[in-house]
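Visitor: Chains A and B, in that order, are what the protein sequence lines are.
If you're matching positions, the first sequence starts at 115 in this note's numbering and goes up one per residue.
If you're matching positions, the second sequence starts at 1458 in this note's numbering and goes up one per residue.
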Amino acid sequence: MEILWIIILAGYAICVAQSVFALTTKRPVMQRASLIALGAALGAHTVWLVIKGIRANRCPLVGTEEMSAFLSWSLVVFYLVASRWYRAAALKAFVFPIVLALATIAAISPGSQGTPPLANQPLQGALLPIHVGLILLAYASFFITFGAGLMYIIQERELKHKRFSTIFYRLPSLDTCDEIGSRSMAVGFVLLTVGILAGLLFTHTRYGVYWQGGPLEIFSVATWVVYLLLIQTRMSARWGGRAGALASIVSFLIVVCSLVGVRYLGHA
Amino acid sequence: MNIVLVGISHKTAPLEMRERLAFSELCLRDALGKLVDQDALEEALIVSTCNRVELLASAPGGADRGLDRLMEFLCGFHGLEPGTLNGHLYRHSDSDAIKHVFRVASSLDSMVVGESQILGQVKEAYQAAVEAGTVGRVLSQLMNRALYVAKRIRTETGVAQNPVSVSSVAVELAQKIFSDLSDKTVLLVGAGETGELAARCLIEAGTSKLLVTNRTAERAGEIANKFGGAAVSFEAFYDVLSLSDIVLCSTGAADYVISPAETRRALKSRKRGPLLFIDISVPRNIDPSIADIENTFLFDIDDLQSIVQSNLSERVREANAAEAIVEAEVHQFVKQLRSLDIGPAIAEVKELLSQMAASEFKRNRKRLGGLTAEQETAIRDVLIPALVNKLSHPVILHLRNAAREREPSELIDELRKMLRID
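1) At the 9 Å Cβ level, is residue 1729 (chain B) part of the contact set with chain A, yes or no?
2) If you run the structure through DSSP and keep just helix, strand and coil, what is residue 1871 (chain B)?
3) Check whether the Cβ of residue 174 (chain A) lies closer than 9 Å to any Cβ atom in chain B.
4) Do the region 190-209 of chain A and the region 285-292 of chain A touch if we need at least three Cβ pairs shorter than 8 Å?
5) Are residue 1515 (chain B) and residue 1500 (chain B) closer than 9 Å when you measure CB to CB?
6) Restricting to Cα atoms, I'd like to know which of B:1800, B:1603, B:1671 and B:1531 is closest to residue 1693 (chain B).
7) Quick one: does residue 1573 (chain B) have its CB under 9 Å from some CB of chain A?
8) Taking DSSP as the reference, what is the three-state secondary structure of residue 234 (chain A)?
9) Consult DSSP for residue 1655 (chain B) and reduce its assignment to one of helix, strand or coil.
10) Can you name the residues of chain B whose CB is closer than 7 Å to the CB of residue 322 (chain A)?
11) Within 10 angstroms of its Cβ, does residue 334 (chain A) collect 16 or more other Cβ (buried), or is it exposed?
12) Is residue 1728 (chain B) helix, strand or coil when you go by DSSP?
13) Distance, Cα to Cα, residue 132 (chain A) vs residue 143 (chain A)?
14) Identify each residue in the region 1631-1647 of chain B for which the Cβ-Cβ distance to at least one residue of chain A is less than 8 Å, and report them in chain order.
15) Entirely within the region 118-183 of chain A and at least 4 residues each: give me those alpha helix (DSSP H) ranges in chain order.
16) For residue 1846 (chain B), count neighbouring C-beta atoms within 10 Å of its own C-beta (all shown protein chains included) and say buried if the count is 16 or more, exposed if not.
17) Within this structure, are the beta carbons of residue 1680 (chain B) and residue 1648 (chain B) separated by less than 9 Å?
18) Could one say the Cβ of residue 1664 (chain B) lies closer than 9 Å to chain A's Cβ atoms, at least one of them?
19) Does chain A have any CB closer than 9 Å to the CB of residue 1508 (chain B)?
20) Mind reading off the beta-carbon distance from residue 1462 (chain B) to residue 1549 (chain B)? Whole number of angstroms is fine, and I expect it under 8 Å.
21) What are the residues that DSSP puts in a beta bridge with residue 1547 (chain B)?
22) Could you name the residues of chain B that residue 166 (chain A) contacts, counting a contact when the two beta carbons are closer than 9 Å?
23) Residue 1598 (chain B) versus chain A: which residues are under 8 Å apart at the beta carbon?
24) Using a Cβ cut-off of 9 Å (strictly closer), state whether residue 132 (chain A) contacts chain B.
25) For the region 204-213 of chain A and the region 255-262 of chain A, state whether three or more C-beta atom pairs, one from each stretch, are separated by less than 8 Å.
26) Output, in sequence order along the chain, the residues in the region 252-281 of chain A whose CB is closer than 9 Å to any CB in chain B.
27) Under 9 Å between C-beta atoms, does residue 384 (chain A) make it to chain B?
28) Does any residue of chain A bring its CB to less than 9 Å from the CB of residue 1767 (chain B)?
29) Can you give me the Cβ contacts of residue 185 (chain A) inside the same chain, cut-off strictly under 7 Å, excluding the 5 residues immediately before and after it?
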């Protein structure tokens, strides 16, 4: 398993280096090497998740190690989906540093023993990983929103200042940044909603009540409300593109900080 | 080898002289035919554009003679005294000629480095020569290589990348703000030439709707008809501001035609989306404080010019990288040509050895005793060719390797002497 982590981290590190460097130069550089590194890393990453799941006899979604690994994996997958739909190669430079950070956290975290499988109640057994998995996928989507928001801010600043550096030519159009941001936010919001519902259902089947008031529950719902507000304001068009992008970035940072805080405060 | 080239360009001769020496499409075929009729020239190609006239040929009889012939032809064809071209004409042979051809095709010798027209012009010249039957092995390889090098330089360097005219910069800015131009509306205010040009560029880039407004309604109608747009009365144009995504302003007015107040009003009634203002007029017609409004972008003529300038200097910088590529390609092509020259010689060697083997076999047939038809065929069609290949292989290898470094003709002479080919 150690070897897998070496491949994963090395591969993502190469992607980060290549994509960030590509922002500063006009000529295509090391694209094929980066593609191979990405393929190898993603492959190893998938293998790691599968092996972990098989060994523990459940979905690999428990504890910091597995959650970080799954989150970074989802982020890569979402990035690939986004890059198929939009011509925005620059997005890679904003997404992969996060991927690398998450993968590093996963690599250095101790494995968790995990909750025993809920073999007697198959519904319960399925609901928990669905709940956690969906919420993590939602977060991966919000990471993309964050990246797109950053790109928007940078590109808008270049246009306003009218002195164009190389990054101006590398970033996609404002419209594209905006579209990626709002699409990924919508996708994330839907995933988050269903994930929370699955969580409520799980709590009910396990404990008989829908709501227990634990820190993680409160925090998930708070996140949901924040993004609901964000979507409302974007749709009502009261804010221009820049304000929308800034709001996406700020709200996401708040959410991430809360997540970290909750994890260390109310260790579930 | 012996590739020769003479010519004049915008760098060495004024327009009148280039016009004098130009070859029209009609007389091109005739000129090419006459060129290869000259005793020192075998293949020929003529490139004639408004910025250069160049004659390219292969001269098996020697580079100097080839160059002289080309010069004589150029003067003679256009009825000029031989001395008149001194100082304007450049002459290149062999690797210099190859380098020049590569540079020209890659637009490194053009007035605006990185321009895209020259490649098409070179292709056309090549096509014309092919049709006239004056292109053989040497020139076809050279031209195909030149086209490949031009493509390489376009993709690997930034020489042709960023726009260097005000209109194309405007288009690029629009593309960096709006991802899809096809449903965007352009509003052209005023009837200036630059504005019209920019509008045309935007339409060619994909915008679908054009609104034109001007103080004189007829002029607005004229331009609208030319581009398939709609004319709007000058008094009403503030109303259509909210419908437009890109506003091109190029009137002759002495004061601001568009103010922040109108812009804010227009933004309010717009669906979400930025507004791009391009002010090409001097003095400026759009209040500069509009640039501070959220979701609005304003570029005046100075901004566009400075972008053009920085793009031009970028091209010059990229041109250095391109020159390096050209040097490397020239070097490689020269090596390739040298190794190719030995093709006929190799064929000769094999042929000779085969003949020798066959005749020896015939001579010694009796000594081999009775052979079935199968065995005879085996010896003639399997053993002898195999022997010939094996024997000639080291010779061929040596020829190929040695030909990379120096002229193969001396090697071939030696070989002939060795094998007694007279």
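We treat Cβ as the ideally placed atom computed from N, Cα and C, and that holds for glycine.
A quick note: this is a predicted structure, and the numbers were derived from the prediction, not measured.
Guide: Quick answer:
1) yes
2) helix
3) no
4) yes
5) yes
6) B:1671
7) no
8) With a pLDDT of 45 at residue 234 (chain A), under the threshold of 50, the modelled position of this residue cannot be trusted; read the value that follows with caution. Residue 234 (chain A): coil per DSSP, three-state reduction.
9) helix
10) Simply none; closest approach about 46 Å.
11) buried
12) coil
13) 7 Å
14) 1632, 1633, 1634, 1635, 1636 and 1637
15) 145-170
16) exposed
17) yes
18) no
19) no
20) 5 Å
21) B:1464
22) Residues of chain B passing the Cβ test: none, with the nearest at roughly 40 Å.
23) Within 8 Å Cβ-Cβ: nothing; residue 1598 (chain B) doesn't reach chain A, min ~28 Å.
24) no
25) yes
26) 269, 270, 272, 273, 274, 276, 277 and 278
27) Nothing about residue 384 (chain A) can be reported from this structure: the residues present for chain A run from 115 to 382 only.
28) yes
29) 216, 250, 253 and 254
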